[in-house]
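Note that my numbering has the sequence shown beginning at 584, numbered continuously upward. Report on the structure given below.
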Amino acid sequence: MSQQIEIAPALPIPAFLVGEVQSKLAYVDENIAAARLSAQGEVITLTLRRPVEGPDRQALEAKVQRVVQAMVAGAFKPKVQVLEDYSDRPVPYRGDPNAGLLERGEMFQEAAGIFTLGPLVSRLIAFFEAQFVALADSFGAAPYRFPTLIPARFLERVHYFRAFPHSLTFVTHLREDLDVIDDFAQHAACGEDGLNAPPESFAPIQTLLSPAVCYHLYFSLADRPLPGGSLAATAVGNCFRYESLNLASLERMWNFTMREVIFVGPKDFVLQNRETGRQRMRDFFEQIGLAYHVESANDPFFIGEFKKQAAFQSAFQLKFEIRARLPFKDSTLAVGSYNYHQDFFGRALNITLPDGSPVHTGCIAFGLERMAYAFLAQYGLETAAWPEAVRKAVA
Ligand code: AMP
Ligand code: ZN
584 MSQQIEIAPA LPIPAFLVGE VQSKLAYVDE NIAAARLSAQ GEVITLTLRR
634 PVEGPDRQAL EAKVQRVVQA MVAGAFKPKV QVLEDYSDRP VPYRGDPNAG
684 LLERGEMFQE AAGIFTLGPL VSRLIAFFEA QFVALADSFG AAPYRFPTLI
734 PARFLERVHY FRAFPHSLTF VTHLREDLDV IDDFAQHAAC GEDGLNAPPE
784 SFAPIQTLLS PAVCYHLYFS LADRPLPGGS LAATAVGNCF RYESLNLASL
834 ERMWNFTMRE VIFVGPKDFV LQNRETGRQR MRDFFEQIGL AYHVESANDP
884 FFIGEFKKQA AFQSAFQLKF EIRARLPFKD STLAVGSYNY HQDFFGRALN
934 ITLPDGSPVH TGCIAFGLER MAYAFLAQYG LETAAWPEAV RKAVA
């Protein structure tokens, strides 16, 4: 027995914040099964799992208004800067690739946001990966391998809990206690609400699943001078961001893979390499006929930090996204980003240059599943229609 309720936001939500606010509503209350904001931002429609009235409903509405207030009050539209625009590049396909992917066993959903991928998509990803590695090689970037787990105290040191609490994924294990372990072995079962083991069976959380790749490199360099004064590195890794109701096909996954090319050193070194990387990628995207543009962006900070940090990121051109067209839904999807963190990690982790000042860092990050998904949305699943460079490599 679900219920639909409409809420008028206490402040008018400007069009440029509609998507951002809508995606945050997923985290407001466990009773919310779906949240939609009208295009003009004047009506919030919530679908609730079970009906609420009276004080419970008031409490829920108050939480919704808290998000609106925190994100909208004092926010101003950041100037969007477009660095490249090839969104008009003609592409042959307009269909929705999802049905075909499922039918052919190229995509199998284990749970919301968790997917296995079949041979064609895997080969396509391997092809993109090879290009990203070639980009890394063009900078002489050293290869690294990083774990999927990340210690909580590392993330704390770079203030991750404050900026992105809603998307964290925690890791635990059974406490080292024979009674607990025996009890679990005998009684553990999956119910509607998940695994039924008592919460006190689990050890305190010391570890999370990594939300990004480059953090591991910075942590390995912490509390000492940077050897050689500058470093280019590359690695691929599993990344985890819990996106709640926003999890949708390969567009928004809980568990996805990222290839990063990472720069650590003086400011000019980082900024110049980021720019050179962008120019090199432009040639590659032309070769594979991708319709996309590159524009300034900001990270999806949670309430409280959102306005301040988003404005800061825009003003200092810290993030540019590669947004590929999804013709079937007339929208775009970020398949990668060019990031500059200034000396944030250098300061937080005490990584220094020869003159004693903190290092600057930046990274070029590609989402591998999204890259494949966007390509398939523009070219379809029939390889005959693909650009030759891709067809040959994947055949
Ligand atoms: P970011 O560090 O947020 O710029 O992420 C780098 C790239 O990772 C993005 O451009 C996406 O291609 C990919 N990515 C980020 N979040 C997700 C997600 N939830 N699902 C799939 N890909 C993602
Ligand atoms: Zn990074």
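Backbone N, C-alpha and C define an ideal beta-carbon position, used for all residues, glycine too.
For residue i, the residue or residues it bridges with in DSSP
{"i": "Met-841", "result": "Gly-820, Gly-950"}
{"i": "Leu-700", "result": "Met-690"}
{"i": "Gly-812", "result": "Answer by DSSP bridge pairing: none, since Gly-812 is not bridged."}
{"i": "Gln-586", "result": "Leu-631"}
{"i": "His-943", "result": "Gly-848"}
{"i": "Leu-778", "result": "Cys-773"}
{"i": "Leu-791", "result": "Ile-733, Phe-753"}
{"i": "Arg-807", "result": "Ile-934"}
Buried versus exposed, by CB contacts within 10 Å (16 or more), residue i
{"i": "Leu-707", "result": "buried"}
{"i": "Cys-946", "result": "buried"}
{"i": "Glu-843", "result": "buried"}
{"i": "Phe-852", "result": "buried"}
{"i": "Lys-660", "result": "exposed"}
{"i": "Pro-782", "result": "exposed"}
{"i": "Leu-803", "result": "Reading off the sequence, residue 803 comes out as Ser, not Leu. Under this definition Ser-803 is an exposed residue."}
{"i": "Gln-862", "result": "exposed"}
{"i": "Phe-747", "result": "buried"}
{"i": "Ala-658", "result": "buried"}
{"i": "Lys-975", "result": "exposed"}
{"i": "Phe-599", "result": "exposed"}
{"i": "Arg-824", "result": "buried"}
{"i": "His-924", "result": "buried"}
{"i": "Arg-906", "result": "buried"}
{"i": "Cys-773", "result": "exposed"}
Boundaries of the alpha helix (DSSP H) in which residue i is found, first to last residue
{"i": "Ala-618", "result": "Segment 615-620 is the beta strand (DSSP E) holding Ala-618; no alpha helix (DSSP H) there."}
{"i": "Leu-761", "result": "761-770"}
Start and end residues, beta strand (DSSP E) containing residue i
{"i": "Asn-922", "result": "914-923"}
{"i": "Asp-668", "result": "665-668"}
{"i": "Glu-904", "result": "902-909"}
{"i": "Leu-936", "result": "Taken as a continuous stretch (DSSP letters only), Leu-936 belongs to no beta strand (DSSP E), as it is neither H nor E."}
{"i": "Pro-734", "result": "732-734"}
{"i": "Glu-571", "result": "The displayed coordinates of the chain run from 584 to 978. Any statement about residue 571 would go beyond what the structure contains."}
Alpha-carbon to alpha-carbon, residue j and residue i
{"i": "Phe-885", "j": "Ala-978", "result": "43 angstroms"}
{"i": "Leu-732", "j": "Leu-830", "result": "21 angstroms"}
{"i": "Val-716", "j": "Gly-678", "result": "30 angstroms"}
{"i": "Glu-971", "j": "Arg-908", "result": "20 angstroms"}
{"i": "Ala-768", "j": "Leu-791", "result": "24 angstroms"}
{"i": "His-876", "j": "Gly-701", "result": "28 angstroms"}
{"i": "Lys-891", "j": "Glu-759", "result": "44 angstroms"}
{"i": "Glu-667", "j": "Leu-778", "result": "48 angstroms"}
{"i": "Ala-948", "j": "His-742", "result": "20 angstroms"}
{"i": "Asp-806", "j": "Glu-888", "result": "27 angstroms"}
{"i": "Ala-815", "j": "Val-704", "result": "29 angstroms"}
- Whose CB is closer than 7 angstroms to a heavy atom of ligand 2? List the residues in chain order. Ala-795, Val-796, Cys-797, Glu-843, Ile-845, Asn-922, Cys-946, Ala-948
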